[in-house]
Amino acid sequence: MPYPATHKPQTRERILNSAAQLFTKNGYEGVSIDQVMAEAGLTRGAFYSHFADKSSLYAAAIQYASKERFRFYRAELTAGVSIERLIEGYLHPDHIKGRDMPCALAFLVSDISQREQQVRSTYTEVYKGLLQGLEHLGTDEKRERLACIAASVLMIGGVAIGRALDDEQITSDLLEACRAVSLQLLEPDQTL
Numbered sequence: 772m773p774y775p776a777t778h779k780p781q782t783r784e785r786i787l788n789s790a791a792q793l794f795t796k797n798g799y800e801g802v803s804i805d806q807v808m809a810e811a812g813l814t815r816g817a818f819y820s821h822f823a824d825k826s827s828l829y830a831a832a833i834q835y836a837s838k839e840r841f842r843f844y845r846a847e848l849t850a851g852v853s854i855e856r857l858i859e860g861y862l863h864p865d866h867i868k869g870r871d872m873p874c875a876l877a878f879l880v881s882d883i884s885q886r887e888q889q890v891r892s893t894y895t896e897v898y899k900g901l902l903q904g905l906e907h908l909g910t911d912e913k914r915e916r917l918a919c920i921a922a923s924v925l926m927i928g929g930v931a932i933g934r935a936l937d938d939e940q941i942t943s944d945l946l947e948a949c950r951a952v953s954l955q956l957l958e959p960d961q962t963l
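In case it helps, our numbering puts the sequence shown at residues 772 to 963.
In structure tokens form, the structure reads like this:
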């Protein structure tokens, strides 16, 4: 009996979800195709129906993880959640610990430079998408673009550095500083 038409896209999504979780936790070198497939509850043979190799899976997992995070943020903004709350959620200890779907931009920042051009291009496109999303929040184009770039660096860097620290107080202070300055950049009417 043939599989339903939804089988292949659902299987691909299971693989991508598992890969995104594992790659953001362990990096490219720390994850094997077998681990991804086991996490997805599938055999290694199913992998090659969806991806040519580990590198193409890595690039697709970066896109998948980012789309999931961006979809969440769009839904939050549509529901009326403030920019302040979104920044607080992003720069929160739960996020740097990798709960839910981690941000590939922050979690893989040091891993990307060692990867193939395809992966770096995917990462760059995801970053551009973040900037476009942030730019839609403002009005003055040039000022907003610079503010969005600075805020994105604070946010991604805050999560990346926060993950590397083993002192909870320093981590808390770091996240608080990044939240406050990011908010000030994106909503200049806010006070620190």
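By construction, the Cβ of each residue, glycine as well, lies at the ideal position given by its N, Cα and C atoms.
Since this is a predicted model, take the numbers as computed values, not measurements.
Where the alpha helix (DSSP H) containing residue i begins and where it ends
{"i": "Y898", "result": "888-906"}
{"i": "S789", "result": "778-797"}
{"i": "L957", "result": "939-957"}
{"i": "G816", "result": "815-818"}
{"i": "E810", "result": "804-811"}
{"i": "L876", "result": "875-878"}
{"i": "M926", "result": "912-935"}
C-alpha distance - residue i paired with residue j, whole-angstrom precision
{"i": "Y898", "j": "L876", "result": "7 Å"}
{"i": "I804", "j": "G869", "result": "21 Å"}
{"i": "A918", "j": "V807", "result": "38 Å"}
{"i": "Q885", "j": "V930", "result": "20 Å"}
{"i": "R974", "j": "F794", "result": "The first residue shown for the chain is 772 and the last is 963, placing residue 974 beyond what the model contains."}
{"i": "I927", "j": "Y774", "result": "41 Å"}
{"i": "E912", "j": "L956", "result": "13 Å"}
{"i": "L862", "j": "L945", "result": "9 Å"}
{"i": "Q940", "j": "A948", "result": "12 Å"}
{"i": "L936", "j": "Q888", "result": "30 Å"}
{"i": "E896", "j": "E784", "result": "20 Å"}
{"i": "I854", "j": "Y835", "result": "23 Å"}
Nearest neighbour of residue i, chosen from the options [CA to CA]
{"i": "K796", "options": "Q888, A811, D871", "result": "D871"}
{"i": "Q996", "options": "D882, I920, Y861, Y894", "result": "The displayed coordinates of the chain run from 772 to 963. Any statement about residue 996 would go beyond what the structure contains."}
{"i": "L848", "options": "H907, L828, T895", "result": "H907"}
{"i": "N788", "options": "A951, P773, A830, A776", "result": "A830"}
{"i": "T942", "options": "H866, K825, A832", "result": "H866"}
{"i": "R950", "options": "G860, T777, D937", "result": "G860"}
{"i": "K779", "options": "F818, A809, D824", "result": "F818"}
{"i": "I833", "options": "E947, L879, V952, R842", "result": "L879"}
Cβ neighbour criterion (16 or more within 10 Å) applied to residue i
{"i": "E800", "result": "exposed"}
{"i": "G933", "result": "buried"}
{"i": "A811", "result": "buried"}
{"i": "P873", "result": "buried"}
{"i": "R840", "result": "buried"}
{"i": "V802", "result": "buried"}
{"i": "S892", "result": "exposed"}
{"i": "Y894", "result": "buried"}
{"i": "Q792", "result": "buried"}
{"i": "V924", "result": "exposed"}
Any non-hydrogen atom of the ligand SAH within 7 Å of residue i CB
{"i": "S789", "result": "This structure simply doesn't include the ligand SAH, nor any ligand for that matter."}
Which runs of the alpha helix (DSSP H) spanning at least 4 residues fall entirely within the region 822-868, listed in chain order?
825-849, 854-861, 864-867
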